[in-house]
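Everything below concerns the one structure shown next.
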Amino acid sequence: EIATGRFREDLFYRLNVIPFFVPPLRDRREDIPILADYFLRVFSGEHGRGPKEFTSDALDLLIDYSWPGNVRELRNEIERLVIMIPDDVIRPADLSLPNGNTSRASTLHEARAQYEREFIVTKLKENDWNISQTARTLGLERSYLYRKMKTYGIEK
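Next comes the structure, spelled out in structure tokens:
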């Protein structure tokens, strides 16, 4: 970066007086629950949402994930959960970890349920949470859509 002129050489040497190493999040898995809880509290307050908590299975998925984007990726995932998940409890199906959540679903049924929940929520938002319109869009009876929403804990 110095050679290309994108980083000042004098600043590099000034900062390099005391080199330090920040390990990647995947090497500090014990920090994930603490960081996740912190981000949940911060974003719940910022977005005017009630407090949320993770199920132990959801927290295990967060801990097991490799986090190639480090803390920034964890932060973004937690903010997405606060905004998108209406429940107070965050379950494994709520997570959107690439190659993590779907492949970790222990059965096809769980993977299908995860996708179905996300699809219904997306359609509800597209229709401004109008149940009748969403049911028509999905080709479902209104009563069946209500049952699915109850099953997946979907609330406005």
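Under this note's numbering, residues 3 to 158 are what the sequence shown spells out, in order. We treat Cβ as the ideally placed atom computed from N, Cα and C, and that holds for glycine.
Inter-residue CB distance, residue i and residue j (contact presumed, cutoff 8 Å)
| i | j | result |
| --- | --- | --- |
| residue 1 | residue 56 | Limits of the chain in this structure are 3 at one end and 158 at the other, which puts residue 1 out of reach. |
| residue 65 | residue 31 | 5 Å |
| residue 79 | residue 58 | Not a contact, Cβ separation roughly 17 Å. |
| residue 72 | residue 100 | Residue 72 to residue 100, Cβ: 14 Å. No contact. |
C-beta contact flag for residue i and residue j at 7 Å
| i | j | result |
| --- | --- | --- |
| residue 133 | residue 149 | no |
| residue 89 | residue 47 | no |
| residue 35 | residue 61 | yes |
| residue 125 | residue 142 | no |
| residue 85 | residue 111 | no |
| residue 75 | residue 45 | no |
| residue 20 | residue 11 | no |
The alpha helix (DSSP H) enclosing residue i, as first and last residue numbers
| i | result |
| --- | --- |
| residue 73 | 72 to 86 |
| residue 63 | 58 to 66 |
| residue 35 | 34 to 48 |
| residue 17 | 11 to 17 |
| residue 5 | Run containing residue 5: none; DSSP gives neither H nor E here. |
| residue 27 | Here residue 27 belongs to no alpha helix (DSSP H), and DSSP marks it neither H nor E. |
| residue 142 | Element bounds for residue 142: n/a, residue is neither H nor E. |
Reference residue i, options the options, closest by Cα
| i | options | result |
| --- | --- | --- |
| residue 28 | 11, 68 and 146 | 68 |
| residue 117 | 130, 127, 72 and 96 | 96 |
| residue 40 | 128, 77, 157 and 136 | 77 |
| residue 127 | 158, 115, 147 and 114 | 158 |
| residue 152 | 138, 119, 14 and 22 | 119 |
| residue 54 | 94, 115 and 83 | 83 |
Can you give, in chain order, each stretch of the alpha helix (DSSP H) that sits fully within the stretch 88 to 140 and has at least 4 residues?
103 to 106, 110 to 128 and 133 to 140
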